[in-house]
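S.K.:
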Amino acid sequence: MRKILILCLLLALAALAWPVYVGVQVEKALREARTGHLGDVRFHHSVEGYERERYRARATTVLHIVGNGMDLQVHLEHRIRHRLLGAAVDTRVAPRQDAADLPPHWHAALTQAQPRADSWLGLGGGVSSRLATRPVQVAWIEEGAENEQPFLLEVAAGQGGLALSSERVVLSFDTDTLRLNLGGAGLHLDEFHYGLLLHPAPEESYGRLPDYDLGLGAARLSLQQYGQELLGADSLQMSAWQNSTVTELDSLLRVRAKEVRSADVELEGLDLHLNALRWHRPTVMDFIEARQDMASMQLDPQARAGLILGMVLDALQQMSPHDPRVQGGISVNSDPTKRLRAHLDLGLQGDAGRITTRPLEALDLDLDVEIGMALFEELETLASDPEALRTWLELGISDGWIEVGDGQLNSRLRLEEGRLLINDRDQTILLLGLVFALGQGMF
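With our numbering as the guide, the letters of the sequence shown map in order to residues 1 to 443.
1) Among G122, L131, N181, V66, which has the Cα closest to the Cα of T91?
2) In whole angstroms, what is the alpha-carbon distance linking A257 and D234?
3) Write down the C-beta distance between L367 and L413 rounded to the nearest angstrom, noting that I regard them as a contact closer than 8 angstroms.
4) When the Cα atoms are used, what is the spatial distance from G195 to G396?
5) Distance check for G232 and L277, CA to CA, integer angstroms please.
6) When you compare only the Cα positions, how much space is there between L313 and A29?
7) Between T247 and the rest of its own chain, which residues show a CB-CB distance below 8 angstroms, the 5 nearest in sequence each way excluded?
8) Given a cut-off of 8 angstroms, decide if R254 and S244 are closer than it, judged by their beta-carbon atoms.
9) Restricting to Cα atoms, I'd like to know which of R425, T61, E53, N68 is closest to E77.
10) Could you compute how far the alpha carbon of A113 sits from the alpha carbon of R79?
11) Alpha carbon to alpha carbon, how far is R116 from T133?
12) Any idea what DSSP makes of W392, helix, strand or coil?
13) Quick check on the DSSP output: what are the complete alpha helix (DSSP H) runs of length 4 or more inside the region 89-155, in order along the chain?
14) Give the list of continuous beta strand (DSSP E) stretches no shorter than 3 residues that lie fully inside the region 16-83.
15) When DSSP labels each residue in this structure, what does I288 get in the three-state scheme?
16) Can you tell which of L316, H343, E378, T337 has the C-alpha that lies nearest to the C-alpha of Q327?
17) Rounding to the nearest angstrom, what Cα-Cα distance links V260 and Q224 in this structure?
18) Looking only at C-alpha atoms, which of Q159, T111, D364, R81 sits nearest to L121?
19) Measuring CA to CA, which of F151, A156, S128, G125 is closest to V136?
20) So does the region 173-191 actually touch the region 205-214, counting three or more Cβ pairs closer than 8 angstroms?
21) Are the CB atoms of I288 and Q317 within a distance shorter than 8 angstroms?
22) Please check the pair D271 and S331, which I expect to be a contact at CB under 8 angstroms, by giving their CB distance rounded to whole angstroms.
23) Sorted by chain position, which residues of the same chain lie with C-beta nearer than 8 angstroms to A362's C-beta, five sequence neighbours on each side aside?
24) Using only CA atoms, which one of V41, V47, R54 lies nearest to G67?
25) Between T35 and the rest of its own chain, which residues show a CB-CB distance below 6 angstroms, the 5 nearest in sequence each way excluded?
26) Leaving out five residues on either side along the sequence, give the residues of the same chain with a beta carbon under 6 angstroms from the beta carbon of L252.
27) Given a threshold of 16 other Cβ atoms within 10 Å of its Cβ, counted over all protein chains shown, does I141 qualify as buried or as exposed?
28) Which residue or residues does DSSP assign as beta-bridge partners of F192?
29) Using a Cβ-Cβ cut-off of 7 angstroms (strictly less than) and excluding sequence neighbours within five positions of W106, which residues of its own chain qualify?
30) Does DSSP classify Q427 as helix, strand or coil?
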């Protein structure tokens, strides 16, 4: 009997102490400042105030966003309810925002959107949230703009999610309508969706170059100018990812669309991809940091261009021993007479000395292009100088650069060990002439 009473007493004490323990762990997790980057944009989240009770708590935090011309501070309010294995958190934008922290159009957008999140904060510090926003329609004029044409932003009600842990960050957002207009130009997206998965970099942090999986798309895209569609696409999907180790970085970009329209040309079944393989990650990181440092320098355009060129050449020298490659391809239209296909494989080989002393021998290039004659004729009618385009085609055929067969134009280009082959014919002299012309007498 005594053992049972002691056990009951221990359970009662644990029941009384557990909410306090949960509250302390939740407060500790929420008070931890978090910093991350999305491209050149830096996000920093920190706690301003925290009031904890036994079963609930209140907190105020600040989300600071800096980069790409933005310097915003968004104040958030959290109502926290302690549960057995974590806490339920109800988050809203604070009703009173400091006018100095937000430009007027951002303040108006936040006021209309009234973003809110219902979250679960686990004892281990992981957060998962459901996000929701109301419709937004704002107009503003950029400070210092030469013209007075306003930006117009319209976003329908949206919903999404956020999951944050030491292993990953997941962010998603969906909305039926997204419109951005400036004067006569406009970008319209219907049934827009966005998803991002971030992984820590090899340094085990979400720094400037984390690994990621990105997906976004729209049922319809329309790029307009004064009511006329310049570019349109249906069932547009874009995906990109990046995986890296301490020394190497691989990335991929792929764009697909059921149909693409531009002027009088319609293309179906677009599939475009671009891969960067075995890039030397430390060199890429150094280049990014040097480029950012240079952005703060007061340089004239010519000096800036020369400095960037020097940085690029130095980066190529450092990467060349690692056999970096760029691969790409495009495919549109199933009709052979209107088909466009191209494949690119470009790489560096050798050591750093080779790219400085014999740069042409350091390049390894394969390029195959196939275009249907009917599609070429459509493009010819849209060219600003159709006669010059036709002359270029006839010259290419006569010199053997372009082959014609079965209603298609084909060209194969190879560059290896400093020699250029076009459709299996040696055209190295053409390459040397081009190099000397671009060198502008430097050689």
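All residues carry an ideal CB built from backbone N, CA and C; glycine is no exception. On a predicted model such as this, the values are computed, not experimentally measured, just so you know.
M.R.: Well, looking at it:
1) L131
2) 6 angstroms
3) 4 angstroms
4) 45 angstroms
5) 31 angstroms
6) Each residue's alpha carbon lies about 45 angstroms from the other.
7) H280, R281, P282, H322
8) no
9) T61
10) Those two C-alpha atoms are separated by around 19 angstroms.
11) It is roughly 7 angstroms from the alpha-carbon of R116 to the alpha-carbon of T133.
12) helix
13) 104-113
14) Look at the region 16-83 and you find these whole runs of beta strand (DSSP E), each 3 residues long or longer: 34-38, 41-52, 56-67, 70-82.
15) helix
16) Considering only alpha carbons, the answer is H343.
17) 14 angstroms
18) R81
19) A156
20) no
21) no
22) 5 angstroms
23) S320, L348, Q349, G350, R354, I355
24) V41
25) H44
26) W241, N275
27) So I141 ends up on the exposed side.
28) T175
29) L72
30) Coil at Q427, not helix or strand.
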